[in-house]
Amino acid sequence: MTDNEIIKPENLVYSKPKLLNDNPMHYCPGCSHGVVHKLVAEVIEEMGMEEKTVAVSPVGCAVFAYNYIDVDWVEAAHGRAPALASAIKRLWPDRLVLTYQGDGDLACIGTAETIHALNRGEHIAIIFINNAIYGMTGGQMAPTTLMGMKTATCPYGREADIHGYPLNITQIASTLEGTSYVTRQSVHSVPAIRKAKKAIRKAFENSMRGEGSSLVEIVSTCNAGWKMSPEKANKWMEENMFKSYPLGDLKDSTNLE
Amino acid sequence: MAKEEIVLMKGNEAIAHAAIRCGCDGYFGYPITPQSEVLETLAAEEPWKTTGMVVLQAESEVASINMVYGGGAAGKRVMTSSSSPGIALMQEGISYMAGAEIPGLIVNVQRGGPGLGTIQPSQSDYFQATRGGGNGDYNVIVLAPASVQEMADFVELSFELAFKYRNPAMILSDGVIGQMMEKVVLPPFKPRRTEEELEKECPWAAIGKKKHRAPNIITSLELEPHHMEEKNLHLQAKYQEIREKEVRYEEILCDDADYVIVAFGSASRIAQKAIELCREEGLKVGLLRPITLWPFPSKEIHELSKHVKGILSFEINAGQMVEDIRLAVEGNAPVAYYGRMGGIVPTPEEVVEALKKELITK
Ligand SMILES: Cc1ncc(C[n+]2csc(CCOP(=O)(O)OP(=O)(O)O)c2C)c(N)n1
Ligand code: SF4
Ligand SMILES: [Mg+2]
């Protein structure tokens, strides 16, 4: 086959989602945020929801998510995205309303907003990037930081006596009556990415069916904060993060594929 | 025209009824005395069954204001109400709304502070309301009702101003106005805007990106200093326009006055009685009542100060508005303050006495 034959449309097997624009991403090389952005864009596009999506971005590394995915966005205050999303969805019930939040945003400063939006059964989808650290502010301890893990504010490692224990908010979410789909995924390998995409699609579809709230945790790497190469960060995640945050569905009462 | 509906109700109830009637799309709030009747009335009226208005008891005032931010960002006419400690919690959200230029209505039925303070009425959130209240250089449009009728009327007016200028608006009331019962003419029913009307009024709203336009992005963030300064200059120009066009005030017997009392909200009701008492004694005293606290009627007070022997700022706090009056008067006339705190509502006689002591016999 010649090059010209290869680039014929009928030979196309993969393309970048149209909703993902060409702005250069500010994320560190190897960061999970970029991959998850692509999945979110792909799912919105595949569902044909481009014109009906309102997304809420967090305060955290993903604050600029609105620069990359061409849908309407509202940039929330730190931790408050689920409150904004609750209102938007109630006021615009036929819209796909999603939040995209980090672990500091969702599981620390915004714990109340997260738990209560989920417990009210708001028909929103929450994408939760758990990298066990505050990436944006330079790698400080998060509520999700593992025991013994070193960060800028626990430089000798997280200790229970001083810092308390890692918070498994996704597990808490799965016990709430308002949630109907709670899952934990990752994007460190091709099969994992495929599964994560299916989970995001299920969450979005669930929110459009109005059957309760959905939470998709993506166990993620922050190679800058962890001070590891992308490859090493992925390996460290598999060996350490998955023990505390095991992958899989924690709750699924959706009857969706 | 439909017959006027005159009813007897509390100020807080009037807020709720006016909201339903003026086409408000959503209310988000958290209980606190002395304003819980707003949410209670809405819950009892169930407007979601009639006008389609959303009513939600949020988990906190932090959540309430962020729901208002979200709803406003999506072009809807949304509001919250609370009292002083709750309004303190909302400041972050109000600042974000101002920064992102999102309209919305916040009602503060003030109680005394600081801290948990008292559930009794006060006007001690004047600074917080008129100086922005949260972080950054911004202003909120602040309306101060002095009657149950104005509680009702200012709901629609606030939404109009908020959407006209894409800025949060506040009704700064207090426990007296919120709790007292008066006759009120309720506004006629006005339907909520349709999607088409909303899109026309708010082409900036985040409601789903139509093919023909770029994404609508609601944000207060801008990391490039030149762009951020530009954004700030744009906000300041808007605030200047509001200062020039939206000052509202009422003057009573100011034309021949030797002395003028400046008072807003519930204090202005007491002051009105006080000037009557003065006139009975032959003292020429007038009342200037700022209706908008921001923008403040500075020009009007400045003009007045050229022709009077003294101005008394009467406020139910430690003396906050008096600073704006002094700035407006620019030394033209003596300016004094009288007020009480802790939930004490002064009598008209006290005000007359203060006027004499601080200005007339001094
Ligand atoms: C009220 C407030 N407090 C603190 C901050 C500073 N801050 C910005 S991002 C952030 C943490 C973000 O961490 P996370 O949510 O885990 O997102 P990540 O960057 O790791 O994706 C903090 C503390 C802020 N912007 N606002
Ligand atoms: S700091 Fe961490 S979370 Fe932020 S972009 Fe870099 S790798 Fe990603
Ligand atoms: Mg993080």
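One line per chain: the protein sequences are A and B, in this order.
If you're matching positions, the first sequence starts at 1 in this note's numbering and goes up one per residue.
If you're matching positions, the second sequence starts at 1 in this note's numbering and goes up one per residue.
From the three backbone atoms N, C-alpha and C, an ideal C-beta is built for every residue, glycine too.
My output table needs one value for residue i: the three-state DSSP class, helix, strand or coil.
{"i": "E42/A", "result": "helix"}
{"i": "R340/B", "result": "coil"}
{"i": "F64/A", "result": "helix"}
{"i": "I65/B", "result": "helix"}
{"i": "L167/A", "result": "coil"}
{"i": "Q320/B", "result": "coil"}
{"i": "R111/B", "result": "strand"}
{"i": "G93/B", "result": "helix"}
{"i": "Y165/B", "result": "helix"}
{"i": "S244/A", "result": "helix"}
{"i": "C278/B", "result": "helix"}
{"i": "R289/B", "result": "strand"}
{"i": "T41/B", "result": "helix"}
{"i": "S266/B", "result": "helix"}
{"i": "I171/B", "result": "strand"}
{"i": "T151/A", "result": "strand"}
{"i": "Y134/A", "result": "strand"}
Could you tell me whether any non-hydrogen atom of ligand 3 is closer than 7 Å to the CB of residue i?
{"i": "Y134/A", "result": "yes"}
{"i": "C28/A", "result": "no"}
{"i": "A142/A", "result": "yes"}
{"i": "N240/A", "result": "no"}
{"i": "G110/A", "result": "no"}
Out of the options, which one is the CA nearest neighbour of residue i?
{"i": "V352/B", "options": "I261/B, T51/B, L161/B and K3/B", "result": "I261/B"}
{"i": "A333/B", "options": "H227/B, L359/B, E350/B and E315/B", "result": "L359/B"}
{"i": "K238/B", "options": "N139/B, L8/B and P34/B", "result": "N139/B"}
{"i": "A62/A", "options": "Y100/A, H163/A and A233/A", "result": "Y100/A"}
{"i": "A74/B", "options": "R248/B, K200/B and V247/B", "result": "K200/B"}
{"i": "N21/A", "options": "N67/A, D3/A and E5/A", "result": "N67/A"}
{"i": "S268/B", "options": "E330/B, P290/B and M170/B", "result": "P290/B"}
{"i": "G148/A", "options": "N4/A, W226/A and S186/A", "result": "W226/A"}
{"i": "A206/B", "options": "I218/B, V285/B and R77/B", "result": "I218/B"}
{"i": "A58/B", "options": "T50/B, A43/B and K49/B", "result": "A43/B"}
{"i": "R248/B", "options": "S313/B, F154/B and I275/B", "result": "F154/B"}
{"i": "A55/A", "options": "S60/B, G70/B and P47/B", "result": "G70/B"}
{"i": "I129/A", "options": "L39/A, K232/A, S15/A and M228/A", "result": "L39/A"}
Express the C-alpha separation of residue j and residue i in angstroms, rounding to a whole number.
{"i": "T114/A", "j": "E177/A", "result": "14 Å"}
{"i": "V308/B", "j": "E300/B", "result": "13 Å"}
{"i": "G342/B", "j": "Q123/B", "result": "10 Å"}
{"i": "P230/A", "j": "K164/B", "result": "49 Å"}
{"i": "Q91/B", "j": "L116/B", "result": "17 Å"}
{"i": "R243/B", "j": "K89/A", "result": "35 Å"}
{"i": "V38/B", "j": "S81/B", "result": "7 Å"}
{"i": "W73/A", "j": "R340/B", "result": "47 Å"}
{"i": "E217/A", "j": "G30/A", "result": "18 Å"}
{"i": "K231/B", "j": "K183/B", "result": "45 Å"}
{"i": "A107/A", "j": "N206/A", "result": "22 Å"}
{"i": "A224/A", "j": "M237/A", "result": "14 Å"}
{"i": "P297/B", "j": "E250/B", "result": "10 Å"}
{"i": "N108/B", "j": "R158/A", "result": "43 Å"}
{"i": "P155/A", "j": "G79/A", "result": "25 Å"}
Is any non-hydrogen atom of ligand 2 found closer than 7 Å to the C-beta of residue i, if you look at the structure I gave you?
{"i": "H37/A", "result": "no"}
{"i": "C222/A", "result": "yes"}
{"i": "H78/A", "result": "no"}
{"i": "N131/A", "result": "yes"}
{"i": "H188/A", "result": "no"}
{"i": "G104/A", "result": "no"}
{"i": "G225/A", "result": "yes"}
{"i": "C31/A", "result": "yes"}
Any heavy atom of ligand 1 closer than 7 Å to the beta-carbon of residue i?
{"i": "I135/B", "result": "The amino acid at residue 135/B is misidentified as Ile; the sequence shows Asn. Outside the cutoff, so no."}
{"i": "V308/B", "result": "no"}
{"i": "T265/A", "result": "What is shown of chain A runs 1 to 257, which leaves residue 265/A out entirely."}
{"i": "T137/A", "result": "yes"}
{"i": "G34/A", "result": "no"}
{"i": "D174/B", "result": "no"}
{"i": "V59/A", "result": "yes"}
{"i": "A258/A", "result": "Residue 258/A lies beyond the range of chain A shown here (1 to 257); nothing can be said about it."}
Is residue i near ligand 5 - that is, is its Cβ less than 7 Å away from at least one heavy atom of it?
{"i": "N12/B", "result": "No copy of ligand 5 occurs in the structure displayed; its ligands are ligand 1, ligand 2 and ligand 3 alone."}
Throw me the rounded Cβ distance for the residue i and residue j pair, which I believe falls under 8 Å.
{"i": "V142/B", "j": "L172/B", "result": "5 Å"}
{"i": "E75/A", "j": "S64/B", "result": "That belief does not hold up - the Cβ atoms of E75/A and S64/B are roughly 19 Å apart, past 8 Å."}
{"i": "L19/A", "j": "E51/A", "result": "Not a contact, Cβ separation roughly 11 Å."}
{"i": "I32/B", "j": "G86/B", "result": "5 Å"}
{"i": "R111/B", "j": "G11/B", "result": "That pair is no contact at about 14 Å."}
{"i": "L250/A", "j": "R184/A", "result": "6 Å"}
{"i": "L215/A", "j": "T179/A", "result": "6 Å"}
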